[in-house]
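First the structure, in the form of structure tokens, and then the observations on it.
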Amino acid sequence: MFSDALIKEFQTIVGKPNVLQGEADRQAYSYDAAVLEPVVPALAVCPQTSEALGQVVRVCNQNGIPLTPRGSGTNLSGGTIPERGGIVLLTNALNKIIEINTQDLYAVVQPGVVTARFAAEVARQGLFYPPDPGSMAVSTLGGNVAENAGGLRGLKYGVTKDYVMGVDFFDVNGELVKSGSRTVKCVTGLNLSGLQVASEGTLGVFNEIVFKLVPPPAANKAMMAVFDDIDKASETVAAIIAAHIVPCTLEILDHSTIKYVEDYTKAGMPVTAQAILLIEVDGHPVQVAEEAEKVVTLCKKAGAVDVTTARDEAEHNKLWEARRAALPALARARPTTVLEDATVPRSQIPAMIRAINTIAQKHQLDVGTFGHAGDGNLHPTFLCDRRDAKEFERVEQAVDEIFDVALSLKGTLSGEHGIGLAKAKWLEKETSAATIAYAKALKKAVDPKGILNPGKIIGG
Ligand SMILES: Cc1cc2nc3c(=O)[nH]c(=O)nc-3n(C[C@H](O)[C@H](O)[C@H](O)COP(=O)(O)OP(=O)(O)OC[C@H]3O[C@@H](n4cnc5c(N)ncnc54)[C@H](O)[C@@H]3O)c2cc1C
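See below:
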């Protein structure tokens, strides 16, 4: 518990209504989108200005109080669970789009800006911000940078890190550290902005972020290819890339996911299919037409039993609604949804999907797999009930085995959901003892008391 004097100090900095002490408020910030035990913070503090944000960090450090920065709490790895108690530092009020520069193609934002609002505002100014996590209607840009969020457009356009030009952040003493610039090129000093990307709030608290913007594509075309064999779908992914076509989006849904999506949306999905690929190409209209034709040919050659091309915007949207419905559709089936993030080199997708299904069968679990096939990033999603301890143990065992397979296929623990608390125990398996020691030394140097989101990524 905090002393009255300390609570008063926070109230003076952020204003009394912005220090949340009530039981309901504290419970609300005890968990995030990961299926992990909640931990209730002592307080949630919501600075309304940059100055206040820095001062809260300073006071926490002076008093040895752990702080957990939080955007919208949609992360899937326990990154905002205040494992060591202390305060949850809410960034949502810092939600200004400070500048959209249409001449030099960058934007400056505060960390609490919601991703979809930013993308829409950028589009209104005739530009394009490509990173599009499935959670973008609620996730914040600060959370996106701290997790290096990906999305459906990763294959062609990259992920959040590819758009970060600069991050100004508060160090643990509440001092503002400036890094990066508004120029296309910048090699002035260490790449501290790069260090903040995917740092999950463990190395600093973002105050302002500079993002690169790009011109929007002039045209696009979406297609759905239906397969009676998931291996053929995976081989098609490889064939498209081998033909030097880089779709902006190349997604896969397996049989189980298709069935759940149809049950949810009644959109006429091919429920007997073993897999579908949803593919979109974009760019100059002539190139788009050519590439779309080639994609259809490649899909048919690789054994697709049906290929549909969206003829208008309504059909285009219908295809993507099916993809967007994948997680909500699966999540309706059982009380608990464990969404995983195994990522392998693209060529290993068939092996990974086969392994996921074998592991699920072995543990008698219901799983649906979908994901960014073009990036080798699969989301095996276990449908279970956490209250059934035996079933949940089997899910944990299955997840362990899935990561073992992903690593044996030269994949990675996390393509986009981060490490947080959920995956910390596997980190050394993918990296090395020296990697962890280096990361711990870095953390110790910038945050000697372990104030900034302690326990995440590297534990400690
Ligand atoms: C339905 C659903 C779909 C999703 N789809 C995707 C997807 O397609 N791609 C993907 O990559 N992820 C996806 N996610 C995961 C999640 O949305 C992303 O990780 C997102 O970037 C988190 O943003 P947030 O604002 O919710 O951050 P939070 O969950 O609040 O925080 C995430 C991390 O950022 C840190 N942080 C937040 N703000 C700051 C700050 N100002 N300074 C320093 N650190 C900070 C936190 O401490 C925490 O470690 C999905 C999640 C859900 C629930």
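First residue of the sequence shown? That's 212 in our numbering, and the numbers climb one at a time after it. All C-beta atoms in this analysis are idealised placements derived from N, C-alpha and C, irrespective of residue type, glycine included.
Item	Value
Measuring only from the beta carbon, is D382 closer than 7 Å to any heavy atom that is part of ligand 1?	no
Which of the three DSSP states, helix, strand or coil, is assigned to L264?	helix
Could you work out which residue in R534, E504, N528, D596 is closest to V549 when comparing CA atoms only?	D596
Confirm, please, whether the CB-CB distance from N588 to D493 is below 8 Å.	no
Quick one: what's got a C-beta closer than 6 Å to P249's C-beta in the same chain, skipping five residues either side?	S241, Y242
Measuring alpha carbon to alpha carbon, tell me which residue in P426, S643, N286, V507 is nearest H495.	P426
Going by the DSSP bridge assignment, what does C595 pair with across the sheet?	T547
Looking at the unbroken beta strand (DSSP E) that takes in L316, where does it start and where does it end?	Here L316 belongs to no beta strand (DSSP E), and DSSP marks it neither H nor E.
Please classify S214 as buried or exposed, where buried requires at least 16 other C-beta atoms within 10 Å of its C-beta.	exposed
Comparing alpha-carbon positions, which option in A635, M434, I451, T646 lies nearest G289?	A635
CB of T468 to nearest heavy atom of ligand 1: below 7 Å?	no
Could you work out which residue in S404, R295, D315, T326 is closest to K307 when comparing CA atoms only?	T326
Look at R364 and M376 and say whether their C-beta atoms are less than 8 Å apart.	no
Considering only residues of the same chain and omitting the five flanking positions on each side of F422, which have a CB-CB separation below 6 Å?	A318, Y374
Looking only at its own chain, which residues have a Cβ that is under 6 Å from the Cβ of V507, when we skip the five neighbours before and after it?	V518
State the DSSP-derived secondary structure class of R522, mapped to helix, strand or coil.	coil
From the DSSP output, which residues share a beta bridge with L247?	None; L247 has no bridge partner.
Would you mind reading off the limits of the alpha helix (DSSP H) that contains V482?	Run containing V482: none; DSSP gives neither H nor E here.
With distances taken Cα to Cα, identify the nearest neighbour of D236 among D577, L300, S261, T260.	L300
Specify, as a first and last residue, the run of the alpha helix (DSSP H) that G405 falls within.	403-407
Quick one: complete beta strand (DSSP E) runs, 3+ long, within the stretch 344-386?	375-381
Check the DSSP bridge columns for R281 and list the partner residues they point to.	L301
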